[in-house]
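What follows is one structure encoded as structure tokens, with my remarks underneath.
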Amino acid sequence: MLFETQRHRHRREVHEAGFTDAWRTLLATTMAHWELLDDDERHRLGERAVDFLASKRWEAANGFDMSDEVTMLISAEASLITLELADDAYRGVDTIIVHPTTMVMRGQHSQVQGVVSDDPMPIIGQANHNGPVMVAWDAARFQARHPEEGNNVVFHEFAHKLDMLTGTANGTPPMESLEFETAWVSACTAAYERVVDGRSKVLRSYAGVNTAEFFAVATEVFFDTPGPLVKHEPDLYAVLADWYRQDPARRQARN
Ligand SMILES: [Zn+2]
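Taking my numbering, the leading residue of the sequence shown gets 894, the next gets one more, and so forth.
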């Protein structure tokens, strides 16, 4: 390449430097999940996070000051949930827009199943079909340190992007077999109905807005508070563990 923009040069340099000790220190101090990983997982997560950071477009919104901490932490959290999936699991992600804090969404939306509203709605993230992922940094930063709360906007929005790989966001991401899809639909439907009926002990009510939100919220809980999920929704935990090819409850138990 004869000419390259500053942005391209930065991406190339990040990629060439790889997962440095500085990145490692950063994640050890900003990402609670880092502590739970074994050496092999940390190594692979680091490589994936650098690839992600260098290959996606990052935009700062509302005058936000985009630092390396921002791009690396979001990259590492996004890479954690796809750690055991194919390298191109995020082929549907092109751009990540980082806002300093909560955004206000306008236009029609729904926060309760069947209820559509035009009122301005505060949101901390959004994933658009064939469009960018948006994240509020203050929420992402806090949640990365506090998995015990069971909320993670990065896991949530990137789970939507995985779901959208089928062309439709409906809570069923690409499946390897019809047999597994049958087990998935059965487990998710039962747990979803418990949310809608107000009987779920582990999934917040927002999971009942629709099946796409169900999958995104279930992903947050699966990675952040897997113990209660195994206890109260074992069938849901099992299909998520099969699909993500991870066992976060075991990971937490061994630490
Ligand atoms: Zn959502």
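Yeah, the Cβ is synthetic: ideal placement off N, Cα and C, and Gly gets one too.
What is the rounded straight-line gap between the Cα of residue i and the Cα of residue j?
| i | j | result |
| --- | --- | --- |
| glutamine 1001 | proline 1015 | 13 Å |
| aspartate 1149 | glutamate 977 | Lying outside 894 to 1148, the shown extent of the chain, residue 1149 is not represented and no answer is given. |
| threonine 1061 | valine 1102 | 16 Å |
| aspartate 933 | glutamate 940 | 11 Å |
| glutamine 1019 | valine 1026 | 6 Å |
| valine 1008 | proline 1127 | 30 Å |
| alanine 1134 | glycine 1120 | 13 Å |
| glutamate 906 | phenylalanine 896 | 15 Å |
Check residue i in the structure and name its three-state DSSP category.
| i | result |
| --- | --- |
| alanine 1029 | strand |
| serine 960 | coil |
| histidine 903 | helix |
| threonine 853 | Residue 853 falls outside the range modelled here, since the chain spans only 894 to 1148, and no answer is possible. |
| methionine 965 | helix |
| valine 1132 | helix |
| valine 1009 | strand |
| glutamate 970 | helix |
| alanine 953 | strand |
The alpha helix (DSSP H) with residue i in it runs from where to where?
| i | result |
| --- | --- |
| methionine 998 | No alpha helix (DSSP H) contains methionine 998, which is instead part of the beta strand (DSSP E) from 996 to 998. |
| glycine 939 | 932 to 948 |
| glycine 1120 | 1119 to 1125 |
| arginine 917 | 914 to 923 |
Would you give the residue range spanned by the beta strand (DSSP E) that residue i belongs to?
| i | result |
| --- | --- |
| alanine 982 | Note, alanine 982: premise wrong, no beta strand (DSSP E); not H, not E. |
| glutamine 1139 | Per DSSP, glutamine 1139 belongs to no beta strand (DSSP E) and is neither H nor E. |
| alanine 1020 | 1018 to 1020 |
Per the contact definition of three or more C-beta pairs closer than 8 Å, is the region 1137 to 1145 in contact with the region 1085 to 1096?
-> Using a C-beta cut-off of 8 Å, the region 1085 to 1096 makes no contact with the region 1137 to 1145, since fewer than three inter-stretch Cβ pairs fall below that distance.
Quick one: which unbroken alpha helix (DSSP H) runs of 4-plus residues sit fully inside the region 1035 to 1096? Chain order, please.
-> Runs found: 1046 to 1056 and 1071 to 1089.
Three CB pairs or more closer than 8 Å across the region 951 to 970 and the region 1030 to 1039 | With a cut-off of 8 Å, the region 1030 to 1039 and the region 951 to 970 count as touching, because enough Cβ pairs lie within range.
The region 1072 to 1080 touching the region 1043 to 1058, judged by at least three CB pairs closer than 8 Å | Proximity of the region 1072 to 1080 to the region 1043 to 1058 falls short of the contact definition, fewer than three beta-carbon pairs being nearer than 8 Å.
Is the region 1107 to 1124 touching the region 1033 to 1045, taking contact as three or more C-beta pairs under 8 Å?
-> Of all C-beta pairs linking the region 1107 to 1124 to the region 1033 to 1045, three or more are shorter than 8 Å, placing the two stretches in contact.
Would you list the residues whose beta-carbon is nearer than 6 Å to any heavy atom of ligand 2, in the order they occur in the chain?
-> Ligand 2 is not part of the structure shown, which contains ligand 1 as its ligands.
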